Amino acid sequence: MSREIIERYFNAFNSGDTDTMLALVSDNVQHFVNQGDMREGRGKFAEFCGHMGVSYREELHDMVVFVTEDGTRAAAEFTVHGEYLQTDPGLPEANGQKYVLPAGSFFSLEGGKITRITTYYNLQDWISQVSA
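Using UniProt numbering, read the sequence shown as starting at 1 and increasing by one per residue.
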């Protein structure tokens, strides 16, 4: 079941279906963004998803999902194909730059819900791509 939850999460991400993503996370989900602060709770995660939907258009390719035998942990490796739509504070100015970026996410699961999401990517690589 854990693999199906992670696959549904990423399918929802790729189709821009935030409602499904939110339904898959726990009420007190912990969301750790690369080089950012931890956000706790479904409400904070929803705010993040809303911001991302305005500032970026992304689709994940080359997805490989790993799940522990007990189903409490999972990881995914993928390539982000994106477009930078609206300037994020403290980052380079957006003007529709396209980027391709290797990334990975780690998950904790409990009771059929995602309780932790941690995402990593090379921020300097992304900055170089959108600044070129």
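Think of the CB as a built atom: it goes at the ideal place given N, C-alpha and C, for glycine as much as any other residue. Bear in mind that the values here come from a model prediction, so they are computed numbers and not experimental data.
Just measuring C-alpha positions, the residue of T68, V65, R39 and H81 sitting nearest V25 is R39. Between S55 and L22, the C-beta spacing is not below 7 Å.
The C-alpha of H51 is placed about 17 Å away from the C-alpha of T20. Shown here for M63: same chain residues with a beta carbon closer than 7 Å to its own, the five before and five after excluded, namely F10, A76 and F78 in chain order.
Straight-line measurement puts the Cα of A94 at about 36 Å from the Cα of S2.
The continuous beta strand (DSSP E) containing N28 extends over residues V25 to F32.
Excluding its 5 nearest sequence neighbours in each direction, D125 has C-beta neighbours in its own chain below 7 Å: L101, listed in chain order.
Annotation: the continuous alpha helix (DSSP H) that includes G53 extends over R42 to S55.
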